[in-house]
Every structure is written in C-alpha cells, then in structure tokens.
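Sequential numbering from 0 applies to the sequence shown in numbering that gives the first Met the number 0. Below you'll find the structure, written out as structure tokens, and then a few comments.
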Amino acid sequence: MSIAAERLERLEALAAAAAAEGNDDRARSYVRLARRIAERNRLALPRSFTRFTCDACDAYLRPGANARVRLRDGHVVVTCDCGEQARYPYE
Numbered sequence: 000m001s002i003a004a005e006r007l008e009r010l011e012a013l014a015a016a017a018a019a020e021g022n023d024d025r026a027r028s029y030v031r032l033a034r035r036i037a038e039r040n041r042l043a044l045p046r047s048f049t050r051f052t053c054d055a056c057d058a059y060l061r062p063g064a065n066a067r068v069r070l071r072d073g074h075v076v077v078t079c080d081c082g083e084q085a086r087y088p089y090e
C-alpha cells in the first residue's frame, strides 16, 4: 500500500472521530485534505469515504445528526444539511 493510500485511511478515521466529537469544522478540513491527496496521487477515494462525505460542502456525514438517509425502490438517498443529495444503489 502506498503512503498516500495509508494517509487517506488515517484521514478518514480522523474525520470520523472529529465528527463524532461534534467538531464539524475539523472533520471538514480532514475531508478536504484527503480529497486533495487523492487527486494529486491519482487515487480513488475508498467507497466508505465517498458514501459518508458530502460532495458540495465536504462535511463528514453522520446519519441522524447532519444527514438524512431514506430508502427508496432500488437505491438509498442521503441528504446533507446543505441540501445536497446523493443516491446509491442497494448492495
């Protein structure tokens, strides 16, 4: 595993911990840093990371706290507090 991939995993864990503590600004900065590292090294973000981050505001999403999750026919709809929606198929 490359150094960049290891750093992405570490930043994901830090963002989750910061969001759990209620420090949303710190979690947002971790998400932005992880996206920049992935772009520079031409890496895809892990699926768990993309599913729990908002593409519009870079917030780390916590269902029930700053995100709403709804199940529809064949897909999941995740709505951030900023209003951005993401749809994912059932897996």
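Note that beta-carbon positions come from the ideal geometry of N, C-alpha and C, so glycine has one too.
Annotation: LEU10 to VAL30 spans about 7 Å, alpha carbon to alpha carbon.
Bounds of any alpha helix (DSSP H) do not take in THR78; it lies within the beta strand (DSSP E) bounded by 74-79. Between VAL76 and TYR89 the beta-carbon gap is near 12 Å, outside 8 Å, which marks them as no contact. 8 Å or more divides the Cβ of PHE51 from the Cβ of LEU42. Residue state for ALA4 is assigned as helix, using DSSP reduced to three classes. For the pair CYS56 and GLU20, the CB atoms are not nearer than the 8 Å cut-off. Each residue's CA atom was taken as its position, placing ARG6 and ILE36 some 8 Å apart. For LEU10, the three-state secondary structure derived from DSSP is helix. Rounded to whole angstroms, the Cβ separation of ALA64 and CYS79 is 11 Å, and the two are not in contact under 8 Å.
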